[in-house]
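Terminal number for the sequence shown in numbering that gives the first Met the number 0: 80, no gaps in between.
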Amino acid sequence: MSQKKRVDVYTQPDCPPCQIVKQFLDHNKIVYTVYDVSKDHQARNKMIQEFKSYSTPTVSVDGEIVAGFDLQKLEKLLNLA
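Written out as structure tokens, the structure is:
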């Protein structure tokens with residue numbers, strides 16, 4: 000599968016929906032970068048200030064934001080649907 004989209008996942012420990020999103024991406028062989036907002040304050044600030052999201056998981060797909068748990072929107076943005 001050829002992938003050209005940048006995917007960033009903003010997550011934190013003890014977040015079951017975050018784990019499901021990462022499993023979904025792994026299952027679909029999507030390459031992504033994980034940012035733990037509980038430890039990475041710069042990533043947390045970006046998630047809040049730039050993306051206007053206060054919840055995890057927050058996923059950025061080429062700058063398009065999926066805040067919270069929305070696999071249908073992720074499928075659409077990743078051209079999987």
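For every residue, glycine included, the Cβ atom is placed at its ideal position computed from N, Cα and C.
- Taken through DSSP and simplified to helix, strand or coil, Ile64 comes out as strand.
- As DSSP reads the structure, Tyr34 sits in a beta bridge with Tyr9.
- By the CB criterion at 8 Å, Arg5 and Asp61 fall inside the cutoff.
- Residues Val36 of the same chain have their beta carbon placed closer than 6 Å to that of Arg43, with the five preceding and five following residues left out of the count.
- Cα atoms of Glu63 and Tyr31: separation of roughly 14 Å, rounded to the nearest angstrom.
- Within its own chain, the residues whose Cβ lies closer than 6 Å to the Cβ of Gly67, once the five positions on either side in sequence are excluded, are Ser54, listed in chain order.
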